[in-house]
Every structure is written in C-alpha cells, then in structure tokens.
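K.L.:
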Amino acid sequence: MSRELSEQEVVRRNSLNQLRELGIDPYPAARFPVSATAQAIKENFEGHEDDYKQVSLAGRLMSRRIMGKASFAELMDHSGRIQLYFNRDEICPDEDKTNYNTVFKKLTDIGDFIGVEGYVFKTKVGEISVFVQKFQILSKSLRPLPVVKTDEDGKVHDGVTDPEFRYRQRYVDLAINPDVRKVFAQRTRIINSMRDFFNAEGYLEVDTPVLQPIPGGAAARPFVTHHNTLDVPFYLRIANELYLKRLIVGGFDGVYEFSRNFRNEGMDRTHNPEFTVMEIYVAYQDYDWMMNFTEAMLEKVVMDLHGTTEIPLGDKTISFQRPFKRVTMYDAILEHTGIDISEMDEAQLRQTCKDLNIEVDESMGKGKLVDEIFGEKCEANYVQPTFITDYPIEMSPLCKKHRSKPGLVERFELMINGKELANAYSELNDPIDQRERFEEQVELMERGDDEAMYIDQDFLRALEYGMPPTSGMGIGVDRLVMILTNQSSIQDVLFFPQMRPEK
RNA sequence: CUCUACAUAGCUCAGUGGUAGAGCACCCGGCUCUUAACCGGGAGGACACAGGUUCGAGUCCUGUUGUGGAGACCA
C-alpha cells in the first residue's frame, strides 16, 4: 500500500506540518459562512458597488501570480472563477508579516480550499476582483492539481486530455475542466425537464425492483447475483417494463421511472454496463398518442436546455421542431434497398439478406431477419428525429398486434443520428396472446437465440386480472444527454463510466 | 473477442540505435495592479511491465497490462 511520494507531494506534506506548527488547522471543523459566489459578483457588482463592501466566499485556489508584497490569485467555486488580490500590509497590518510571507506565499498551494473575506473592486485593467482582508485555509490539498491555463483568446493550454486519467480520476477532471461540469449540470437539467413534463400531466414517478427473480422486459444478458437468506439467484434488472405494467394493472393511469438498467454485454462509446432508461406507461392511450407525446416532450426538453429546437451534433444540426418524420419499417426498407419485404416469408427474407450481403444464421427468426436488414441498410440514414413504425410481430413479444396490418405490431422506435433513442408500444394486454408470445420466445431460445425472453408467470397472472389498453415508451437517457450536449461518447455523460479496475 | 494506435517528470508533449529534453507546475531568490504575469537560479525520471536482438534500446522484435479508435456483440 505504500507509494513513493513525488517531490511535490513531499513539499505539500511539509507545508501541512508547518501550518500545524504555526497553530493553523489545515482541516478546520467550523463552518465557513459564504455570502457570495464568483459568478454572482461578476454579474452584479457594477452598479451595485455598495452591496459588495463585505463579502466572504470559499472555493479552490486555481492559480497564483505573486509579485513580492502583492499577489493575484484565482478562486474557483461552483459558479466559476474570480480573481483575488492579496496585499501584504492589508492582510498583515502589524509588524508580523507571517500570514502573508509564510502562510499565503509558502504554505498555500494551487488546489487548496480557502475562504476569503474582503470587498469587491475593479483592478486597473478592469477585472472585477476581491480585495482580500482575511483568508483561511479550509482544506489542504496534498496532491498537485494539474494546472490548466486559458490564454486571452480563450485557448486552453495543457488541459488534461488523457481519457484514462479523466475517467479514473473524474474528480480531477471536474475540478479543472469547467466544460465537463457543464455537461453534467445539463444532464440534470434534462432529467428535471422530463420529470416536470410528466408531473405536469399528473403521472406518478415510481420505484420498482432492481433485483429481479426473472430478468424480463428486454432481451439481453443479465448480471446474476445471489441472495444469501433466500438462497436464490437474483438478476440485476435489464428493464423495468413488466413491473410498470403491473402498476397499471393496479390502477395507476400513468407511471414513470428513471430506471438504472444493467446489461452484461460489450462496452463501447454508446454502451455502458449500467445505463439509465426513462420508461413511462399511460393507460387508455395508444402508440399514435405516444408519438405525439414523445415529440412534445423532446421539443420541450430541448427548448428548456437550449432555448431553440436546432442544436449542433458533431458536424450536423439536429432539429427537434415538431412534428417528427414518420416512416413504417417496411417503407424504410423499400426506400433504402428498393425491396418490398412486406409479403415475404422467412425463407424469402433469408435469401434477401444473402442478396444484400447481410450475415445471418439459422437461429434468426423472421423478426430478427427484418431487423438485420433495417439495421444494416436503413438505420444510419435517419439523422433527423424520425419515428419508425409498425414492426414485425416476431421481434416485439410485448407489443399489441396492429389494429389493421396483419403480422405487424403497434410499435415505434425514434431514430436520431442513426441510432435508436426511444422505443414504444401499444402495450399487449391480451393475456392469452401474451402467453403465446412468450412461448414463441421459448422456441427461439431452443433454436439458439440466447437473447430470447423468459416466461414471467406472475406477469401473465397480472394481465389475466386485466390491464387497460396502455401505451408505453422507453427512452435512453444517456443517449439523449449525449445528443443534447453534443458528446460522442457515453463515458462523457456518465460521472464514473465503467473501467477495468486499476492494477 | 478481432484489428489498430498510444503508454517518457505532477500535467501537456518532443526525443527517427549512441550521456533523458522543453513549457507549465514545484523549490530558492527578486518584484505592491497581475492575468498563459515577469526576471535569475535549481531540483525532479525503474521512459507501463517482462523478455529478446545489439558493443549499446525510450527508440527495433515478442509477450503482458492499461487506455483510445474501428469492428464483432449489444433487437
């Protein structure tokens, strides 16, 4: 466990000891009252100078420019940075200049948390700053914080860019890269905006189990754990769909949950083993209603965040202006391959895949084959928000049969930037039909499809008591945040993305 | 899992087989309106790990570990 300390760490530990010898506690217990923030001062000082004769603020020391008997420094609090001015004879009015010469100049380091009291003024070159009259170390930093400098053109120098460093030591990333903090603040605003939208409709936010005896509601490999007292396996949820539907059976008209889901599969820039999906279920509605609801929700969230419906994403611009384009899955395939698959059986679909150079295997059923064609030939083309509707029944075991198109279900997926963002159904509420669909999944499983769903007998029991006609929708929160914050990796919208453990 | 790139000081990077380098940060000194502060001096390195080739390896080769990218997989 012992670790060789770097030169700079030794220096800081020595400073820590010297502070203690001077009777200064480097980790004081008492609260430090804060009366102002950096951003508020900079925004409001001019014209209200009298209100800033006495301020106290606290934060991390981010830079120092020492010029003998006077110094400038930068303090960063949650709102931003502000310049501090330290003058020896102001801080040390008496003969003893220790507080400035030793404590500030020698024993205080970049990265330390300090509290300052003083008044706000403008420097000769016009920067709003705090004239420090008293300062106090609130917490000593023992590791050198990487110093990031921004020049007058706003260009960042020596920023920490190593992704491994940034993700493993996210606290450092957040401390020194304000843009990173901004993305996560936006993430929370997006989620709050969604929540406000649902609450305004009177829908109920709920919590359902993460530990499930049967991993249902989606097709994915689960994480398995074990409950000692019950001596049974439990699965971390891959979805919460079946539980939310049980609540609709129970009489709630609208329920939603921000669900942390877990899938034991590969990781890449759009997949993390744990991720967040918002799922909502509304009784007496259908998937047409849900399309309108979804685009209204997204337009509102985007407006709340950006004040416009046109947002940049990489080198593209995405428009969230309603209404979104709507295309049936068969029309999408016809448009992008020139092939009409609407009347094909499984053998013809398999041949079509071969003709299109799409890899298939014997375990794939009709639904999976259609999905392969769509995924290979169509998906990437839908950059602007587009609802793909009316999927083949075989790939949607929880979705109601289409009211007028045999062999299809009332399902849509919302595609943005060539990726699936949301998925919704008119929910299957016929318990006999649902049991048959589950049984078809068992057949798929026996054919070798390791993603087919298990039968959840309790869920069927719930449907047998009766579930009202319901529409449900799930939206990938991490992917939505990626789009709305213009990030290309899921790791940049998760505070602590999954990494291989160190050492 | 496959292919590929990268791994050098606290951070960002250079180093093209021949004594380990720079900027920032750090230490010492100077400087009372600086702002990528400045000026002078200084210290700091098992070059990711383990082998190999070579008189000699940070550099070439093999393997390992970690990370990024591209794929496979993830409806």
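Count the first sequence with my numbering and you get residues 10 to 512, in order.
By construction, the Cβ of each residue, glycine as well, lies at the ideal position given by its N, Cα and C atoms.
1) To the nearest angstrom, report how far apart ALA45 and PRO401 are at their CA atoms.
2) Taking all protein chains shown into account, do 16 or more other C-beta atoms lie within 10 angstroms of the C-beta of THR398, making it buried, or fewer, making it exposed?
3) When we look at the beta-carbon of ASP121 and count the other beta-carbons within 10 Å, is it buried (16 or more) or exposed?
4) Since LEU66 and VAL125 are thought to touch, with beta carbons under 8 Å apart, how far apart are those beta carbons, to the nearest angstrom?
5) Which residue wins for smallest C-alpha separation from ASN26, given the options PHE95, PHE54, GLU83 and LEU116?
6) Run through DSSP, which three-state label would SER24 get?
7) Take VAL264 as the anchor and find which of ALA227, GLU210 and ARG246 has the nearest alpha-carbon.
8) For a test of the three-state rule: what should DSSP assign to PRO172, helix, strand or coil?
9) Using only CA atoms, which one of ASN281, ILE146 and LYS410 lies nearest to ARG29?
10) Quick check on DSSP: helix, strand or coil for LEU503?
11) Quick check: the Cα distance between MET476 and ASP487, rounded to an integer number of angstroms?
12) Taking the alpha carbon of ALA248 as the point to measure from, which residue in LYS254, ASN270 and PHE232 has its own alpha carbon closest?
13) For ASP465, which residues in the same chain have their Cβ closer than 8 Å to its Cβ, ignoring the five residues on either side in sequence?
14) What is the C-beta distance between ALA47 and ARG90, in whole angstroms, given that I count them as a contact (C-beta under 8 Å)?
15) Indicate whether LYS382 and LEU365 have their beta-carbon atoms separated by less than 8 Å.
16) How big is the Cα-Cα spacing for SER88 and PHE193?
17) Straight-line CA distance for PRO172 to ASP182?
18) Taking DSSP as the reference, what is the three-state secondary structure of HIS345?
19) In whole angstroms, what is the alpha-carbon distance linking THR217 and GLU266?
20) Classify GLU13: buried if its beta carbon has 16 or more other beta carbons within 10 angstroms, exposed otherwise.
21) Does the structure place the segment 295 to 302 close enough to the segment 411 to 422 that three or more beta carbon pairs sit under 8 Å?
22) By DSSP, does MET10 sit in helix, in strand, or in coil?
23) Name, in chain order, the residues that DSSP records as bridge partners for ALA67.
24) If you drop the 5 nearest sequence neighbours on each side, which residues of the same chain put their C-beta closer than 7 Å to that of CYS387?
25) In the segment 139 to 211, which residue ranges form an unbroken alpha helix (DSSP H) of at least 4 residues, counting only runs that do not cross its ends?
26) Note down the Cα distance separating GLN142 from GLU274, rounded to an integer number of angstroms.
27) Between which two residues does the beta strand (DSSP E) holding ILE33 run?
28) Please report the residue range of the beta strand (DSSP E) in which MET85 lies.
29) Leaving out five residues on either side along the sequence, give the residues of the same chain with a beta carbon under 6 Å from the beta carbon of GLU473.
30) Check this for me: beta carbons of LYS62 and TYR109, under 8 Å apart or not?
31) How is PRO510 classed by DSSP in three states: helix, strand or coil?
32) Go ahead and pull the three-state DSSP assignment for LEU245.
33) Can you tell me the Cα-Cα spacing of THR132 and GLY323, whole angstroms?
P.N.:
Straight from the coordinates:
1) 59 Å
2) buried
3) buried
4) 6 Å
5) LEU116
6) helix
7) GLU210
8) helix
9) ILE146
10) coil
11) 30 Å
12) ASN270
13) ILE223, GLY225, LEU251 and PHE447
14) 6 Å
15) Looking at the sequence itself, residue 382 is Ile, so the reference to Lys does not match. Going by C-beta atoms, ILE382 is nearer than 8 Å to LEU365.
16) 14 Å
17) 10 Å
18) helix
19) 8 Å
20) exposed
21) yes
22) Residue confidence is low: MET10 scores 35 on pLDDT, short of 50, so the model does not pin down where it sits. Its coordinate-derived value is still stated next. Three-state DSSP puts MET10 in coil, outside helix and strand.
23) GLY124
24) ALA341, ILE342 and HIS345
25) 172 to 177, 179 to 185 and 187 to 209
26) 57 Å
27) Where ILE33 is concerned, there is no enclosing beta strand (DSSP E), given that its DSSP letter is neither H nor E.
28) 79 to 86
29) PRO440
30) no
31) coil
32) strand
33) 40 Å
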